[in-house]
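Take a look at the structure set out below.
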Amino acid sequence: MRTAAAITAAAARIGGDTARLDAEVLLAHQLGCSRGELLLNPDRMIEPQAFEALVARRAAGEPVAHITGIREFWSLTLKVNADVLVPRPDSETLIDVALKLCTRPPARILDLGTGSGALLLAALAEWPSASGLGIDASPAALKVAHANALATGMADRAALQLGDWGDGMVERFDLILSNPPYIAEYEVISPDVRDHEPASALFAGVDGLDDYRRILPQLAGLLSPGGLACVEIGSTQGPALLAMAAEHGLAASIHPDLGGRDRCVALRVAPIQPPA
Ligand code: GLN
Numbered sequence: 000m001r002t003a004a005a006i007t008a009a010a011a012r013i014g015g016d017t018a019r020l021d022a023e024v025l026l027a028h029q030l031g032c033s034r035g036e037l038l039l040n041p042d043r044m045i046e047p048q049a050f051e052a053l054v055a056r057r058a059a060g061e062p063v064a065h066i067t068g069i070r071e072f073w074s075l076t077l078k079v080n081a082d083v084l085v086p087r088p089d090s091e092t093l094i095d096v097a098l099k100l101c102t103r104p105p106a107r108i109l110d111l112g113t114g115s116g117a118l119l120l121a122a123l124a125e126w127p128s129a130s131g132l133g134i135d136a137s138p139a140a141l142k143v144a145h146a147n148a149l150a151t152g153m154a155d156r157a158a159l160q161l162g163d164w165g166d167g168m169v170e171r172f173d174l175i176l177s178n179p180p181y182i183a184e185y186e187v188i189s190p191d192v193r194d195h196e197p198a199s200a201l202f203a204g205v206d207g208l209d210d211y212r213r214i215l216p217q218l219a220g221l222l223s224p225g226g227l228a229c230v231e232i233g234s235t236q237g238p239a240l241l242a243m244a245a246e247h248g249l250a251a252s253i254h255p256d257l258g259g260r261d262r263c264v265a266l267r268v269a270p271i272q273p274p275a
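Going by numbering that gives the first Met the number 0, the letters in the sequence shown line up with residues 0 to 275, in that order.
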């Protein structure tokens, strides 16, 4: 069978918005080549059996990144498995905003709920003289983050530690990144995500804000003078985050993702108001 025909048949079986892309990524993975190389050789002959097994897994809802074991994030190729959230392009918004708003290169970077290490490692790649700390409550996730720190050559700059958000932490950081769970418990989400990604990284109480109720009060004590925090939110949560930020002495701004949805809240310690 030729690759072009195999992709068309697989896409029809997979279905959904990303069917063709999924089929291409899976076939490239199967053949050990890049997607670009695959598309440049539509007439290459292949044995479809092994590819069909991958297509069957995707058609049953397993995320492409779990089948290939990798996902591109920012400039990095990261290892992923079912113990971590698959890094999403949405989260790249946080790196974009940090690059825009950091007035000088951060020396120390903290990633709260690091998962695969995606945000921490992307930031360390952008600021080669920085070092950082990734915190996660899941030992299994920290294993993935550690493998990624090694694979991207940044293990000497990326410490990884078991923890419960910023509890017990005394150090202060110039840049804090976080993509905590923020989906409301009863929100209907894609079965591919619900059935395959870790619930503990997705859901945060009835309004999705439980973890923000833990994190926001800690930020002022974790930021160094002039420091910046960039956190990911669900597209309707901006106003709630702004209200919470004000309660905890933080100045906040909301930033959209590439799809135009509110995705990142940037926070700094608010200047002390002179008495009226
Ligand atoms: N943005 C992710 C999703 O839509 C959720 C990430 C999160 O809860 N932190 O599945």
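Don't be surprised by glycine CBs; every beta carbon is placed ideally from N, CA and C.
Predicted, not measured: the structure shown is a model, and the values here were computed from it.
TODO: Report back the beta-carbon spacing between Tyr276 and Gly220 to the nearest angstrom; my notes put them in contact at under 8 Å.
DONE: Because the chain is modelled from 0 through 275, residue 276 falls outside the range shown and cannot be assessed.
Task: Cα-Cα separation between Leu53 and Ile66, rounded to whole angstroms - done: Within the sequence shown, the letter at position 54 stands for residue 53. Within the sequence shown, the letter at position 67 stands for residue 66. Taking the straight line from one Cα to the other gives about 7 Å.
TODO: From the DSSP output, in three-state form, read off Ala276 for me.
DONE: Absent from the model: residue 276. The displayed extent of the chain is 0 to 275, so no value can be given.
Open item on the list: If you reduce the DSSP assignment to three classes, tell me which class Asp261 lands in.
Closed with: To locate residue 261, count along the sequence shown from 1; it is residue 262. Reduced to three states, the DSSP call for Asp261 is strand.
Task: Pick from Trp126, Ala81, Ser252 and Gly35 that is closest to Arg107, judged by C-alpha positions - done: In the sequence shown, counting from the first residue as 1, residue 107 sits at position 108. Taking only the C-alpha atoms, the option nearest Arg107 is Trp126.
Open item on the list: Alpha carbons only, please: which of Ala200, Lys99, Ala58 and Val79 is nearest the one belonging to Lys142?
Closed with: Walking along the sequence shown from the start, residue 142 turns up at place 143. Comparing Cα-Cα distances from Lys142 to each of Ala200, Lys99, Ala58 and Val79, the minimum goes to Val79.
- [ ] Indicate whether Asp21 and Val63 have their beta-carbon atoms separated by less than 7 Å.
- [x] Here residue 21 corresponds to residue number 22 of the sequence shown, with the count starting at 1. Here residue 63 corresponds to residue number 64 of the sequence shown, with the count starting at 1. The answer is yes: Cβ separation under 7 Å.
Open item on the list: Measuring straight from C-alpha to C-alpha, what distance separates Glu51 and Leu30?
Closed with: Here the question's residue 51 lines up with position 52 in the sequence shown. Here the question's residue 30 lines up with position 31 in the sequence shown. Going from the Cα of Glu51 to the Cα of Leu30 covers about 13 Å.
Task: Inter-residue Cα distance where the pair is Pro197 and Ala81 - done: Residue mapping note: residue 197 aligns to position 198 of the sequence shown, counting from 1. Residue mapping note: residue 81 aligns to position 82 of the sequence shown, counting from 1. Pro197 and Ala81: Cα-Cα distance of roughly 7 Å.
Task: Completely contained alpha helix (DSSP H) runs for the stretch 20-69, where each covers 4 or more residues - done: 34-39, 48-58 and 63-67
TODO: Kindly indicate the opening and closing residues of the beta strand (DSSP E) around Gly133.
DONE: Numbered from 1 along the sequence shown, position 134 holds the residue referred to as residue 133. Here the beta strand (DSSP E) through Gly133 covers Ser130 to Asp135.
Task: 7 Å Cβ cutoff, Ala251 in contact with chain D - done: Protein chains in the displayed structure number just one, and chain D is not present.
Open item on the list: Quick check: is any heavy atom of the ligand GLN less than 6 Å from the C-beta of Val143?
Closed with: Here residue 143 refers to the residue found at position 144 when the sequence shown is read from its first residue. Val143 Cβ: outside cutoff for every heavy atom of the ligand GLN.
- [ ] Measure the C-alpha to C-alpha separation of Asp16 and Leu176 and round it to an integer number of angstroms.
- [x] Here residue 16 is taken as the residue at index 17 of the sequence shown, counted from 1. Here residue 176 is taken as the residue at index 177 of the sequence shown, counted from 1. In a straight line, the C-alpha of Asp16 is about 30 Å away from that of Leu176.
- [ ] Evaluate the contact criterion for the stretch 97-107 versus the stretch 133-152: three or more CB pairs, one atom per stretch, below 8 Å.
- [x] no
Task: Opposing strand residues paired with Glu231 [DSSP bridges] - done: In the sequence shown, the residue the question calls residue 231 occupies position 232. Answer by DSSP bridge pairing, in chain order: Cys263.
Task: Inter-residue Cα distance where the pair is Gly68 and Ala150 - done: Your numbering for residue 68 matches position 69 in the sequence shown. Your numbering for residue 150 matches position 151 in the sequence shown. Approximately 13 Å, taken between the alpha carbons.
TODO: Find out if the Cβ-Cβ distance for the pair Thr2, Arg43 is shorter than 7 Å.
DONE: Walking along the sequence shown from the start, residue 2 turns up at place 3. Walking along the sequence shown from the start, residue 43 turns up at place 44. For Thr2 and Arg43, yes; Cβs fall inside 7 Å.
Task: Pairwise C-alpha distance: Ala200 and Leu241 - done: The count along the sequence shown starts at 1 and reaches residue 241 at position 242. The count along the sequence shown starts at 1 and reaches residue 200 at position 201. Going by the C-alpha atoms only, they are around 22 Å apart.
Task: DSSP state of Asp110 mapped onto helix, strand, coil - done: As a working note, residue 110 is residue 111 in the sequence shown. Note: Asp110 maps to strand in three-state DSSP.
Open item on the list: Quick check on the DSSP output: the alpha helix (DSSP H) that includes Thr76 runs from which residue to which?
Closed with: For the purposes of this step, residue 76 is taken as the residue at position 77 of the sequence shown. Note, Thr76: premise wrong, no alpha helix (DSSP H); beta strand (DSSP E) at Leu75 to Lys78.
- [ ] Indicate the three-state DSSP secondary structure (helix, strand or coil) for Asp256 in the structure shown.
- [x] For this step, residue 256 is matched to residue 257 along the sequence shown. The answer is coil: DSSP assigns Asp256 none of H, G, I, E or B.
TODO: Would you identify the three-state DSSP class for Leu241, choosing helix, strand or coil?
DONE: Stepping through the sequence shown from its first residue, residue 241 is reached at position 242. Leu241 falls in the helix class under three-state DSSP.
Open item on the list: For Leu165, tell me which candidate among Gly152, Leu75, Gln217 and Ile45 has the shortest Cα-Cα distance.
Closed with: Mapped onto the sequence shown, residue 165 falls at position 166. According to the sequence displayed, residue 165 carries Gly and not Leu. When each option's Cα is compared against that of Gly165, the closest is Gln217.
Open item on the list: Could you check whether the Cβ of Pro255 sits closer than 6 Å to any heavy atom belonging to the ligand GLN?
Closed with: As a first step, residue 255 must be located in the sequence shown, where it is residue number 256. No - the ligand GLN has no heavy atom lying nearer than 6 Å to the Cβ of Pro255.
Open item on the list: Could you check whether Met168 and Leu120 sit closer than 7 Å to each other, using their CB atoms as the reference points?
Closed with: In the sequence shown, the residue the question calls residue 120 occupies position 121. In the sequence shown, the residue the question calls residue 168 occupies position 169. Not a contact, by the Cβ cut-off of 7 Å.
- [ ] Determine the DSSP secondary structure at Arg156, reduced to helix, strand or coil.
- [x] Along the sequence shown, read from residue 1 onward, the residue named residue 156 stands at position 157. Of the three classes helix, strand and coil, the one that applies to Arg156 here is coil, per DSSP.
Task: Exposure label - Met0; buried when at least 16 CB within 10 Å - done: Counting from one through the sequence shown, the residue named residue 0 turns up at place 1. Met0 should be labelled exposed.
Open item on the list: Considering only DSSP beta bridges, list what Ser177 is partnered with.
Closed with: As a working note, residue 177 is residue 178 in the sequence shown. In the DSSP output, where bridge partners are listed per residue, Ser177 has Leu111 and Val230.
Open item on the list: Tell me which residue opens and which closes the alpha helix (DSSP H) that Arg87 is part of.
Closed with: For this step, residue 87 is matched to residue 88 along the sequence shown. Counting along the chain, Arg87 falls outside any alpha helix (DSSP H), and DSSP gives it neither H nor E.
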